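Each residue of the sequence shown is one higher than the last, beginning at 349 in the working numbering. A virtual CB, placed ideally from N, CA and C, is assigned to each residue, including glycine. Just so we're clear, the structure is a prediction, and the values are computed from it rather than from any experiment.
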Amino acid sequence: MALKKLFTPYQIGTVKIPNRLVVPAMVTNYCTIEGKITERYMKYIEEKAKGGWGLIITEDYAVQQYGKGYQRIPGLYKDELIEGNKQLTTMVHKYESKIFCQMYHPGRQTTRIANEDHMPVAPSAIECPLCQEQPRDITVAEINQLVKDFGSAAKRVKEAGFDGIELHCAHGYLLAEFLSPFVNKRVDNYGGCLQNRVRIVAEIYLEMRKQVGDDFPIIVRLSGNEYVHGGRTEAETYELCTIFEELGFDGIHISNGSYASPGNRAVIAPMFTEHALNMEISAQVKKLVDLPVIVTNRINDPQMADTLINMDKADFIGMGRGSLTDPDLPNKAKAEKYGNIKMCIGCLQGCEMPLFFNQEVTCLVNPRVGREYENSMDIVEKAKKVMIVGGDLLVCRRLKLRQ
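Structure follows, in structure tokens:
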């Protein structure tokens, strides 16, 4: 079955995306503690650009040296980090893909270990149920500095050659914490009513816009529902989306949850969760705003993705884990080789569990993830005979690759 809309171009601000398939931000732990890009990370990204993904959104980039959720995420909090990212964007632009940089601050969803013993900050001093690290209240002076740091980092993003920015206001990180009455108990201008809770996002957006100009796309990622008692629901999300449109954002990316959400509504939804669980929220957002809408989480099939677009559930489809299991998914789908696509099974064994132990991302279905830099997959002159006695899915896949 030919896909009607999945491979049609679509505009985000001033940038034309060649198709509707998006690689959402996913932490890999492939970079250095200093926030530098590595060859391993570049080859990992290049595999997706080769595979034909329309838009690649980088993993979370730190805008402050001690604002990391994991030890080895990239950053653009100083000028010395620009050059490595120039190499990354130049490499991606050899292909048709576009690349946006996701910018964030982890807030309370981090540890002292990840930030050289610096105490986490949050809108209010409420412990993260997963990280179990006590944060302190972020001060107004620190908020003002953070706004400036987001702006400075945005300027570096543009200098590095990225095509746009995604501001991370989802998944329970700092900006999501400010938006959420579940975490934000402040009694100053940054807490209380929705207009106050959204203030920091507005200030950051305006500072970034000042630094990058009007013709550089800035989109926002938002949890449609936090699925926690006392947290944000769809009703407030819809109001937020209209505020974001009025501010000037160029697109909205709908996800769900936070680290405090229950398993079946987790940020990275497991296999027992229904597919495309955020599609009804994204569909309503599309009706409310005149902006491109991305939807993500538990979508692993290009035919399902095309159906969602045809049903006006979204304009773009995020398939993060699908890009891990098969970076070549878009090329295969375009050629209608659906039977050759390696689908994500929602096991979380390689893409989520290792991160809790400060390890690198892998994939149970695709053993090549994170090893692209050491294995070019070139055909060897002389084949070897390999026998494996016993083995799981990953071992069997490795055997097939060696044939």
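Can you tell me where the beta strand (DSSP E) holding K364 begins and where it ends?
Position 16 of the sequence shown, counting from 1, holds the residue named residue 364. Run containing K364: 363-365, per the beta strand (DSSP E) assignment.
Give me, in chain order, the residues of the same chain whose beta-carbon lies closer than 7 Å to that of R557; leave out the 5 immediate sequence neighbours on both sides.
Numbered from 1 along the sequence shown, position 209 holds the residue referred to as residue 557. The answer, listed in chain order, is I566, G596.
Beta-carbon proximity of A617 to Q559, cut-off 8 Å:
Position 269 of the sequence shown, counted from the start, is the residue given in the question as residue 617. Position 211 of the sequence shown, counted from the start, is the residue given in the question as residue 559. The answer is no: Cβ separation not under 8 Å.
Do V568 and C517 have their C-beta atoms closer together than 8 Å?
For the purposes of this step, residue 568 is taken as the residue at position 220 of the sequence shown. For the purposes of this step, residue 517 is taken as the residue at position 169 of the sequence shown. In contact: V568 and C517 (Cβ atoms closer than 8 Å).
Outcome for T458 when other beta-carbon atoms lying within 10 angstroms are tallied against a minimum of 16
Here residue 458 refers to the residue found at position 110 when the sequence shown is read from its first residue. T458 should be labelled buried.
Taking the alpha-carbon of L494 as reference, which of M619, G512, F530, Y553 has the nearest alpha-carbon?
As a working mapping, residue 494 is identified with position 146 in the sequence shown. Comparing Cα-Cα distances from L494 to each of M619, G512, F530, Y553, the minimum goes to Y553.
By a C-beta neighbour count over all protein chains shown, 10 Å radius and 16 as the cutoff for buried, is G561 buried or exposed?
Looking up residue 561 in the sequence shown gives position 213. Exposed, by the Cβ-count rule.
Give a yes or no on whether the C-beta atoms belonging to Y521 and N463 are separated by under 8 Å.
Within the sequence shown, residue 521 is the residue found at index 173, counting from 1. Within the sequence shown, residue 463 is the residue found at index 115, counting from 1. No. Outside cutoff.
Checking the sheet assignment: what are the DSSP bridge partners for G545?
Taking the first residue of the sequence shown as 1, we reach residue 545 at position 197. The question names Gly, but residue 545 is Arg in the sequence shown. Bridge partners of R545: none, in fact.
Would you say Y425 and V411 are within 8 Å of each other, going by their C-beta atoms?
The residue you call residue 425 lines up with position 77 of the sequence shown. The residue you call residue 411 lines up with position 63 of the sequence shown. Result yes, Cβ atoms of Y425 and V411 sit closer than 8 Å.
Three-way DSSP call (helix, strand, coil) for C379 in this model
Taking the sequence shown and counting its residues from 1, the one referred to as residue 379 is at position 31. Correct three-state label for C379: coil.
Which same chain residues end up closer than 8 Å to P529 when comparing Cβ atoms and leaving out the 5 residues on each side of it in sequence?
Translated into the one-based positions of the sequence shown, residue 529 becomes position 181. Correct list, in chain order: R545, G578, G579, R580.
Taking C-beta to C-beta, are K690 and T673 nearer than 8 Å?
Within the sequence shown, the letter at position 342 stands for residue 690. Within the sequence shown, the letter at position 325 stands for residue 673. Result yes, Cβ atoms of K690 and T673 sit closer than 8 Å.
My parser needs the alpha helix (DSSP H) runs of 4 or more residues fully inside the stretch 605-668; what are they?
627-636, 650-658
Threshold first: 4 residues or longer. Then list the alpha helix (DSSP H) segments lying entirely within the stretch 561-603, N to C.
582-595
Cβ contact (3+ pairs, closer than 8 Å) linking the stretch 434-442 and the stretch 467-483
no
Hey, does M556 have any beta-carbon neighbour from chain D nearer than 8 Å?
The structure shown contains no chain D, having only a single protein chain.
Spatial neighbours of C356 in its chain, beta-carbon cut-off 8 Å, leaving aside the 5 residues before and after
Position 8 of the sequence shown holds residue 356. In the sequence under discussion, the amino acid at residue 356 is Thr, which differs from the Cys named in the question. Cβ neighbours of T356 beyond the five flanking positions: N367, R368.
Roughly how far, in whole angstroms, is the beta-carbon of L354 from the beta-carbon of A653, given that I think they are within contact range, below 8 Å?
For the purposes of this step, residue 354 is taken as residue 6 along the sequence shown, with counting starting at 1. For the purposes of this step, residue 653 is taken as residue 305 along the sequence shown, with counting starting at 1. Going by Cβ atoms, the distance from L354 to A653 rounds to 6 Å, so yes, they are a contact pair.
Rounded to a whole number of angstroms, what is the C-alpha to C-alpha distance between I629 and V371?
Taking the first residue of the sequence shown as 1, we reach residue 629 at position 281. Taking the first residue of the sequence shown as 1, we reach residue 371 at position 23. Using only the alpha carbons, I get a separation of about 20 Å.
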